[in-house]
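Read through the structure below, which is laid out as C-alpha cells, and then see the notes.
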Amino acid sequence: MKEVCLRNEDEDGEVTYEKSTVTERQPVLLLKKAETIQNDYVYTYDSETTTETSPSPCGDLTTTVTQDKLQRIEPMYSEDWEPLREILNAHGAKRVEDQDFLLEYWLSYLSDGDGEGDSLIGFNPVGGELVWPTEGSKITSTFGSRVHPITGIIKLHAGVDIGVPIGTPVYAAKSGKVIFADYMGNAGNAIMIQHDGIETRYYHLDKIKVESGQEVEAGEEIAESGNTGGSTGPHLHFEVRVNGEPVNPLVYFGYDESSDILTYRPLDIPVLLEWLGKRNSMLATKEILTMIDDAAKAQGVDPYLLIAITGAEQSFVPKSNKYADKIVKNPWNVFGSWQEGRGAELTTKDAAIIAAKTIVKLSKGKPSTVSPIAWLSDPENPNGVYATGTNWVKNVTSIYEQLSQLGD
C-alpha cells in the first residue's frame, strides 16, 4: 500500500495537491514443502511489514509493504537420507550395511574430499593409536564445515588435506582389512580400510597398491598420493570414521580440538552487527553482543559458539517473529525453553551466562574421537545434553564455522 501525490489544476491555472492511497497486490508462490531424496522439508513463513517515506509536494508519502519472509526450514525425517534408504529398500537393498555402502559411493559423486579451508601451521603429528599416513605433515585444509572451493556450498570437510607431491608414499594408519580400493567419483582413486572399531580413508591417490579384501599392517605402503577426482591440487585427503561418522583425524595425533570452543576470543562487534543486521536479527545491537562477549569471557568460552547456538535454536531471533521481544531474552533456550518455567523469567545477560556455563559443564570428559560440538549433544555424555537430534549438531557446527571465519 502506498500514498501518492496527485496534482490538480483548475481552469484558472491554480495548482493544488492531494494525497491518495493506492493498494497493489502481487501474487507470490511460496514453497511450503519439498520432498527430496535427502529429506522432506517444511517451510515456515511469517508476515513482515516494512515502511518507507519519501518527500513530495503533498508532504511525506508512506509506502508500506507486507510480505511473507522465510523463517524456518524443518526436516521431517530425524536423519538425513531416509527417503533414499526407502528407495534402496524398495529396489532390493534391504540390509543397512548395503545401503550405507551405496549411499557413501553415490554421495562421492556429489561431494569432494577436497576442502578450501583453514590450514594448520606448525602441526607436528604425535604417534599413538594410529600411524601418520604419509611423509608430509603440512595441513592445507582442516576438518570441519567450510565453503567448497568449486561449488561455493557450505558443507562438512570430513577429513584433513595433507599437502604432498604426487607419488608420495601413503601408509595404512593401522592394521586392518581393505574394504574398498578403486576409483570413487570425486574422491578419485580411493582406499578404505576397516580396523577395530574405526575406518580410515585415503582419497585422490595416484597409484593404488592394495586390493579389496587384503589384510594390511600399520605403516605398510598402500598407495602413492596424487591429484585424481575432484581435487584442486596434489594432496592426500585422510579421514577417520567411528561408527560411520567422520571425526577429526588430528585428535589421534596429539591435537586437542576442544580447546577451540573453550578458548575465549573477543567478538568483532562491528562486523557482527553488520552480519546479524543482514539477517534482521534482534541480536544486532552493541549492548546484546557485549553481554554475550562478557559472559563468554567470564567462563573461558568462545563467544562465537554462543551466537552459533542462537542460530540453531532461534534463527538469530528475526525481528519479524511476533515473539522476538521475548525470545531475545533467552535465545539459547536454557532451562528448556524461552516460553515457560525458569527459561521465561531470564534476561539476555542471565541466559548468556547460563549458556556459557552449560557449555563448560558439558565439555568435560570429551573422548578424543568425538568433536567438541557433537559432545554437547551426545547421548553418551554423562554430564547431560544441550539438545537432541543430529540436525542440531550439524547446524551449530556449520554456523560456528561461518562465524569463526568472521572472527579470524
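Residues 652 to 1059 in the numbering used here are what the sequence shown lists, from first letter to last. Note that CB positions come from ideal geometry on N, CA and C, so glycine has one too. Note that the coordinates shown come from a computational prediction; the quantities given were computed from them, not determined experimentally.
For Glu654, DSSP records a beta bridge to Thr672. By DSSP's assignment, Asn840 forms a beta bridge with Tyr834, Leu856. Taking the CA atoms as reference points, Arg892 sits about 27 Å from Gly743.
Around the beta carbon of Ser882, a 10 Å sphere encloses 16 or more other beta carbons of the protein chains shown; the residue is thus reported as buried.
Closest in alpha carbon position to Val693, among Thr700, Thr715, Pro726, Leu681, is Pro726. Under the DSSP assignment, Pro954 falls in the alpha helix (DSSP H) whose first and last residues are 954 to 965. With contacts defined as CB atoms closer than 8 Å, Leu927 and Leu934 qualify as a contacting pair. Within the same chain, Cβ atoms closer than 6 Å to the Cβ of Gly962 are found at Ile1050, the five residues on either side in sequence being excluded. Cα atoms of Asp719 and Lys929: separation of roughly 17 Å, rounded to the nearest angstrom.
Taking 8 Å as the cut-off, the Cβ atoms of Asp857 and Ser876 count as close. In this model, Val898 and Glu890 are separated by some 8 Å (Cα to Cα).
For Tyr854, the closest C-alpha among the options Val952, Asp847, Leu901, Ala874 is that of Ala874. In the three-state scheme derived from DSSP, where H, G and I count as helix and E and B as strand, Glu662 is classed as coil.
When DSSP states are grouped into helix, strand and coil, Leu918 belongs to the coil group. For Leu735, the closest alpha carbon among the candidates Ile724, Pro1023, Thr687 is that of Thr687. Excluding five sequence positions before and after Gln750, the CB atoms of its chain that fall closer than 6 Å to its own CB belong to Arg736, Leu739, Ala744, given in chain order.
Asp953 sits away from Tyr903, with the two beta carbons spaced by 8 Å or more. Around the beta carbon of Val821, 16 or more other beta carbons sit within 10 angstroms, so the residue counts as buried.
Rounded to whole angstroms, the gap between the alpha carbons of Ile842 and Leu956 is 35 Å. Of the candidates Gly818, Gln865, Gly1035, Tyr668, Gly1035 places its Cα closest to the Cα of Ile1010. Secondary structure at Pro1023: helix, using DSSP grouped into helix, strand and coil. In this structure, DSSP gives Lys929 a state outside helix and strand, which the three-state scheme calls coil. DSSP, read as helix, strand or coil, puts Ser792 in strand. In the three-state reduction of the DSSP assignment, Gln950 falls in the helix class, which pools H, G and I. With fewer than 16 other CB atoms across the displayed protein chains lying within 10 angstroms of its CB, Glu925 is exposed. Listed as beta-bridge partners of Arg892 by DSSP are Glu850, Pro897.
Ser698 and Thr717 have their C-alpha atoms roughly 7 Å apart. Ser863 is classed as exposed because its beta carbon has fewer than 16 other beta carbons within 10 Å across all chains shown.
When rounded, the separation of the alpha-carbon atoms in Leu901 and Ser1055 is 19 Å. Here Ile1024 is not near Thr1039, since their CB atoms are 8 Å or more apart. Under the three-state reduction of DSSP output, Ser1014 falls in the helix class. Distance check between Gly836 and each of Gly795, Val867, Thr879, Ile849 places Thr879 closest, using alpha-carbon atoms only.
In the displayed model, Pro734 falls within a helix according to three-state DSSP.
Taking C-beta atoms as the reference points, Ala823 and Glu868 count as a pair closer than 8 Å. In this structure, the alpha-carbon of Ser729 lies about 29 Å from that of Leu913.
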